[in-house]
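Worksheet: the structure to be examined is printed underneath.
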Amino acid sequence: MRDRRMVFFGIARGAMAIILALAVGAVFIFLSSKTPFTALRYLLIGPLLSFHDGSVIFNAQYLFQIFAAMIPTIFTGLAVCVMFSANQFNLAGEGCVLAGGFIGGILGVYLQINSGWHAVVCVLAATVACGLIMLIPALLKVKLGASEMVTSLMLNFIILYVVLHYLNFNFADRTKGATMTKAFRSTAVIPSLVPGNSKMSVGFIVALLATALIAFFMYRTRWGYAIRMIGINESFALYSGMNVGWTIVLAQVIGGMLSGMGGSLEVLGRYQTYLWRELPGYGWVGITVAILAKNNPVYVPLAAFFIAYLNKGCLLMSTHCDVPSEMIDIIQAAIFLFFAAEQFLSGFRQKLVVKTATEDLMRLEADRGSRGGGSHA
Amino acid sequence: MEHNDLALDMRGITKIYPNVIAANREVDFSVKPGEIHALIGENGAGKSTLMKILFGMERPTEGEIFVDGQAVSFSSPTDAIAKGIGMVHQHFMLVPSLTVAENIVLGMAPRKSGFLIDYREALELTRASAEKFNLHVEPSARVADIATGMKQKVEILKALVRGARVLILDEPTAVLTSQETAGLFQELKNLKEQGFTIIFISHKLNEVKELTDRITIMRAGKSVGVYDTGAVSEEEISRRMVGRDVILSVEKEAVAPGEVVLQVQGLRYVNEWGKQALDGVTFSVRSGEIVGVAGVEGNGQRELVDILFGLRLPESGTARVGGVKLTGLPQARIRSLGVSYVPEDRMTLGIAAAASVEENVISDRFQGKRFNHGPLFRMKELHKESDRLILDYSILCKTRSQEVGMLSGGNIQKVVVAREFSSDPVLIIADQPTRGIDVGATELIRKRLIDLSRAGAAVLLVSADLNEVMELSDSLIVFYEGKIAGYFDNGEWDDVMMGEYMLGLKHQSDEEIGRASHA
Chain X
43 MRDRRMVFFG
53 IARGAMAIIL
63 ALAVGAVFIF
73 LSSKTPFTAL
83 RYLLIGPLLS
93 FHDGSVIFNA
103 QYLFQIFAAM
113 IPTIFTGLAV
123 CVMFSANQFN
133 LAGEGCVLAG
143 GFIGGILGVY
153 LQINSGWHAV
163 VCVLAATVAC
173 GLIMLIPALL
183 KVKLGASEMV
193 TSLMLNFIIL
203 YVVLHYLNFN
213 FADRTKGATM
223 TKAFRSTAVI
233 PSLVPGNSKM
243 SVGFIVALLA
253 TALIAFFMYR
263 TRWGYAIRMI
273 GINESFALYS
283 GMNVGWTIVL
293 AQVIGGMLSG
303 MGGSLEVLGR
313 YQTYLWRELP
323 GYGWVGITVA
333 ILAKNNPVYV
343 PLAAFFIAYL
353 NKGCLLMSTH
363 CDVPSEMIDI
373 IQAAIFLFFA
383 AEQFLSGFRQ
393 KLVVKTATED
403 LMRLEADRGS
413 RGGGSHA
Chain V
2 MEHNDLALDM
12 RGITKIYPNV
22 IAANREVDFS
32 VKPGEIHALI
42 GENGAGKSTL
52 MKILFGMERP
62 TEGEIFVDGQ
72 AVSFSSPTDA
82 IAKGIGMVHQ
92 HFMLVPSLTV
102 AENIVLGMAP
112 RKSGFLIDYR
122 EALELTRASA
132 EKFNLHVEPS
142 ARVADIATGM
152 KQKVEILKAL
162 VRGARVLILD
172 EPTAVLTSQE
182 TAGLFQELKN
192 LKEQGFTIIF
202 ISHKLNEVKE
212 LTDRITIMRA
222 GKSVGVYDTG
232 AVSEEEISRR
242 MVGRDVILSV
252 EKEAVAPGEV
262 VLQVQGLRYV
272 NEWGKQALDG
282 VTFSVRSGEI
292 VGVAGVEGNG
302 QRELVDILFG
312 LRLPESGTAR
322 VGGVKLTGLP
332 QARIRSLGVS
342 YVPEDRMTLG
352 IAAAASVEEN
362 VISDRFQGKR
372 FNHGPLFRMK
382 ELHKESDRLI
392 LDYSILCKTR
402 SQEVGMLSGG
412 NIQKVVVARE
422 FSSDPVLIIA
432 DQPTRGIDVG
442 ATELIRKRLI
452 DLSRAGAAVL
462 LVSADLNEVM
472 ELSDSLIVFY
482 EGKIAGYFDN
492 GEWDDVMMGE
502 YMLGLKHQSD
512 EEIGRASHA
């Protein structure tokens with residue numbers, strides 16, 4: 043659907059899905075809240091503007107918090123984009139975020155490098171390690187034909203309990219009340235980008251760079267091309283002489299690396315110690331992000347922003363009003379539903395197609411006429 | 002003409018698919034009772050769509066349909082069948098594991114004691130209707146075991162048993178030998194005499210001339226003329242179809258074949274149904290020659306081609322290109338030996354439908370030095386290459402970034418051929434390269450195939466279109482039941498003679514067949 047009108051339609055359809063999903067959310071807000079309009083105000087514009095004694099203030103810290111929240115989901119969104127583009131429904135991004143965070147965190151505590159390279163080494167080590175972890179479902183798929191969806195889903199729990207084991211028995215700081223590691227060395231901490239407590243770290247810039255890199259990788263390199271062709275038609279890719287198995291492994295390894303990088307940047311940029319004791323959920327959000335972005339890396343930051351904005355709005359809504367923060371789950375589910383429904387707005391699309399086709403035919407015919415019908419010669 | 006005088010009248014039919022250019026635009030199509038009416042046009046002209054609408058498989062965007070003067074609206078084939086319309090699809094809709102009789106009564110089986118199927122009654126019904134319509138089939142044979150021509154008879158009978166008065170035949174001769182085609186024509190003429198109305202869809206002008214009473218020609222989704230068959234020449238029809246003159250026969254120079262490029266030695270293969278699909282096949286293809294493989298489909302051609310391109314492993318025997326053993330090599334390696342392959346099924350192997358024209362034409366060469374600079378694609382070179390191929394092979398597309406799936410069948414095939422023919426191949430395996438595509442694209446592909454062979458490439462041409470193999474080939478191999486039944490290299494062959502070898506009526510001596518190998 044590369045026709046300009048069709049592209050526009052795609053965007054319009056996405057916007058409609060979001061609006062309808064918000065409308066569904068609004069219904070629940072009206073049902074559950076005594077002050078629905080205030081709640082809606084917090085949800086929709088609260089993340090940008092605050093209201094004090096009748097005056098409206100732009101709240102930069104909130105915006106920074108939203109950017110900070112985008113860091114891990116941009117990475118997982120990109121990871122899912124790459125893997126889904128190769129038609130690999132690998133769900134271990136979730137586990138890789140955790141593993142990446144853990145590995146980065148442990149290195150942040152115990153590795154001794156007295157310069158800013160410490161953080162870089164921590165993040166890169168986590169990245170490489172998670173790429174290696176992804177070899178498990180990828181090789182099982184390519185060598186034995188095991189469904190990557192099943193193996194990766196199970197892998198998440200294996201990763202979780204392996205991490206918990208080592209956290210509890212090897213790395214927990216016994217002087218603290220909760221299970222967590224010792225504090226990261228200052229050299230390992232990802233510096234904040236802005237003043238204040240927003241946690242918007244240098245990781246945000248890394249995330250945007252990763253987006254550009256992955257967009258280039260997918261659309262401007264032979265490997266990205268092979269990944270996309272395999273996703274569209276694997277038999278075609280094989281017949282064309284592509285190394286299908288290797289490329290499928292590559293896509294998943296890249297997915298793992300991105301997730302691991304996101305996890306380590308999040309842990310080292312947000313916390314003082316490693317303390318995740320359950321799956322952080324960013325891998326799942328990454329799937330939503332990739333679906334919103336239609337597997338196109340370029341749109342991933344936009345989609346991640348949207349989700350982070352909604353999250354912040356829901357948080358404000360539940361803090362200031364009587365609406366539970368679970369509302370975000372309802373809205374996310376509704377977006378999923380509307381995006382997944384292929385037939386959504388198909389009547390309108392059909393009309394558009396008819397119009398385009400009629401014009402096409404007229405153009406084609408005029409073309410044939412002017413070329414004396416020699417179009418095949 | 003009033004609707005009442007017509008067996009069938011379709012008025013102002015427009016059909017626009019969600020993802021395709023308008024398939025039909027205000028088409029008027031009418032058929033008189035008791036006539037054989039040809040519906041012809043290039044591929045993508047909208048014939049199939051029109052017939053799908055008539056058979057209730059698609060709903061028209063606009064337009065009306067009248068059957069025997071009555072306005073009708075079909076929402077499924079069941080509705081169409083109820084109004085006496087039957088369709089025989091190009092790809093048979095039969096259950097191979099069931100018997101002929103079971104297929105005939107499928108969905109309307111006679112019952113005994115409430116729910117058990119009365120098989121004896123089904124046999125009887127089949128036998129009786131076969132007698133009545135003069136279509137001789139063996140009711141108790143399993144469909145998997147019967148010949149293609151027989152399967153077609155079963156399909157026709159199936160439609161007639163369901164009360165069809167109007168029969169739609171979608172390219173019925175595409176899969177038949179010339180003898181089977183002649184038989185089919187006789188049966189269709191019989192049916193016509195019994196008062197049945199037949200709509201005959203075809204690409205083959207000579208068949209249309211021979212069989213039909215009237216012709217409706219379609220072009221670019223529109224009806225461009227209705228004629229009495231006797232009143233128009235083949236040249237006139239083809240001019241109407243494509244809007245210009247099509248050269249119907251192929252011109253090619255004589256050739257002195259060079260060295261052996263492909264050497265196939267004692268290939269044996271048992272297919273997934275346990276059939277000995279290839280039974281000791283030995284032949285070679287030399288540089289500069291086109292070797293045609295003729296044969297009724299399902300006699301081992303499919304398996305041969307798959308083995309040559311590494312898609313199946315033979316039980317025994319070898320295939321070598323330039324002395325290198327092909328069997329067991331990955332496709333990338335086979336391609337690097339200079340082997341090109343135009344697959345029979347272009348939609349599943351030949352293209353990635355949702356990718357762009359550009360992405361499809363470069364799929365075999367995108368890793369080359371010319372297109373890469375370090376890790377990055379040289380986009381300019383890619384654009385240059387795809388633009389060159391689009392121009393060179395007259396691929397009708399809006400831009401190089403248009404989705405291939407949006408193009409017509411002929412243009413999709415041109416995309417495949419542009420890629421496969423432009424990589425300086427030493428061996429081209431062309432499997433049904435012009436099946437189901439329009440005359441213009443067919444002509445272009447055949448001409449390029451000849452040009453490439455005259456420039457020194459070895460060509461192995463597999464085709465169910467006997468005329469195509471006979472016209473294009475320098476020498477001919479006939480396949481019958483997994484063996485080579487005959488080898489001809491003198492250029493003296495005709496369809497009757499070919500048919501005899503294809504149907505196993507004749508078989509050359511081992512000595513004569515041995516000449517196919519030039520080792």
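Just so you know, the protein sequences line up as chains X and V, in that order.
Mind the numbering: the first sequence is residues 43 to 419 in the working numbering, read in order.
Mind the numbering: the second sequence is residues 2 to 520 in the working numbering, read in order.
C-beta: ideal position from N, C-alpha, C; glycine also.
Quantities reported herein were computed from a predicted structural model and do not represent experimental measurements.
Would you call the CB atoms of V262/V and V322/V closer than 8 Å? yes
Mind listing the chain X neighbours of L377/V? Cutoff is C-beta to C-beta under 8 Å, in chain order. Within chain X, the C-beta atoms nearer than 8 Å to that of L377/V come from F258, R262 and T263, in chain order.
So is F278/X in contact with chain V if we call contact Cβ pairs under 8 Å? Chain V, which has a Cβ nearer than 8 Å to the Cβ of F278/X, makes this yes.
According to DSSP, what are the bridge partners of L1/V? Residue 1/V lies beyond the stretch modelled for chain V, which goes from 2 to 520, so this question has no answer here.
Per the DSSP calculation, H374/V is bridged to which residue(s)? L377/V
For a quick check, are the C-beta atoms of M380/V and R262/X less than 8 Å apart? yes
Own chain partners of I232/X with C-beta closer than 7 Å, once the 5 adjacent residues on each side are dropped: Cβ within range, chain order: A161, S243, V244, G245, L307, L310 and G311.
Thinking just about the alpha-carbon of each residue, which of F50/X, A335/X and A63/X is nearest to the one in F380/X? A63/X
Using a Cβ-Cβ cutoff of less than 8 Å, which residues in the same chain neighbour L453/V once the five nearest sequence positions on both sides are dropped? F422, P426, I429 and V460
Applying the criterion that 16 or more other CB atoms from any shown protein chain within 10 Å of the CB defines a buried residue, is E136/X buried or exposed? buried
Alpha carbons only, please: which of G35/V, E290/V and E469/V is nearest the one belonging to D495/V? E469/V
At a Cβ threshold of 8 Å, is M369/X touching chain V? Look at M369/X: its C-beta is not under 8 Å from any C-beta on chain V.
Let me see if you follow: with CB-CB separation under 8 Å, is S239/V close to chain X or not? no
Is the beta carbon of L99/V sitting closer than 8 Å to the one on V144/V? yes
For L317/X, collect the residues of the same chain with a Cβ closer than 8 Å to its Cβ; drop the 5 residues on either side in sequence, then sort them by chain order. A220, T221, M222 and T223
Element boundaries [alpha helix (DSSP H), containing F109/X]: A102 to S127
Once the 5 residues before and after A121/X are set aside, which same chain residues still bring their CB inside 7 Å of it? G135, G297, L300, S301 and G328
Take the Cβ of T174/V as the centre, count every other Cβ of all protein chains shown within 10 Å, and call the residue buried at 16 or more, exposed below. buried
Residue from T198/V, D511/V, V209/V and D388/V whose Cα sits closest to the Cα of G85/V: T198/V
For S402/V versus E359/V, is the C-beta distance shorter than 8 Å? Their beta carbons are under 8 Å apart, which means S402/V touches E359/V by this criterion.
So is D365/V in contact with chain X if we call contact Cβ pairs under 8 Å? The C-beta of D365/V comes closer than 8 Å to at least one C-beta of chain X.
Determine the DSSP secondary structure at I248/V, reduced to helix, strand or coil. Because the pLDDT of I248/V is 46, which lies under 50, any placement of that residue in the model is unreliable, and the question is left without a value.
Check the Cβ of N373/V against every Cβ in chain X and list those closer than 7 Å, keeping chain order. Simply R264.
Does DSSP put K154/V in a helix, a strand or coil? It is helical.
What does a CB cutoff of less than 8 Å around A257/V pick up in its chain, not counting 5 residues either side in sequence? G289
Can G305/X and P114/X be called in contact, C-beta distance under 8 Å? Taking C-beta atoms as the reference points, G305/X and P114/X count as a pair closer than 8 Å.
Starting from the C-beta of R245/V, find all residues in its chain whose C-beta is less than 6 Å away, skip the five residues before and the five after it, and write them out in chain order. Because the pLDDT of R245/V is 49, which lies under 50, any placement of that residue in the model is unreliable, and the number read from its coordinates should be weighed accordingly. Closer than 6 Å at the Cβ level, and outside the excluded window around R245/V, lies no residue.
Return the bridge partner residues of V265/V from the DSSP annotation. Answer is F284/V and A320/V, bridged to V265/V.
Please compile the residues from chain X whose C-beta is within a distance smaller than 9 Å of the C-beta of R60/V. Ordered by position in chain X, no residue passes the 9 Å Cβ test against R60/V, which lies about 12 Å from the chain.
Alpha carbon to alpha carbon, what distance is there between E260/V and G42/V? 42 Å
Would you call E194/V buried or exposed, if buried means 16 or more other Cβ atoms sit within 10 Å of its Cβ? exposed
When the distance is taken between beta carbons, is M271/X closer than 8 Å to A123/V? no
The alpha helix (DSSP H) enclosing R215/V, as first and last residue numbers: Per DSSP, R215/V belongs to no alpha helix (DSSP H); it is in the beta strand (DSSP E), R215 to R220.
Suppose you measure from the CA of D80/V to the CA of P140/V; what does that come to, to the nearest Å? 27 Å
Determine, for I248/V, whether the minimum Cβ-Cβ distance to residues of chain X falls below 8 Å. Per-residue confidence for I248/V stands at a pLDDT of 46, beneath the threshold of 50, marking its modelled position as unreliable; the derived number appears in the next sentence. Taking Cβ atoms only, chain X never reaches closer than 8 Å to I248/V, which makes this a no.
Kindly list the residues whose CB is nearer than 6 Å to the CB of E382/V, restricted to its own chain and excluding five residues on each side of it in sequence; keep chain order. R371 and F372
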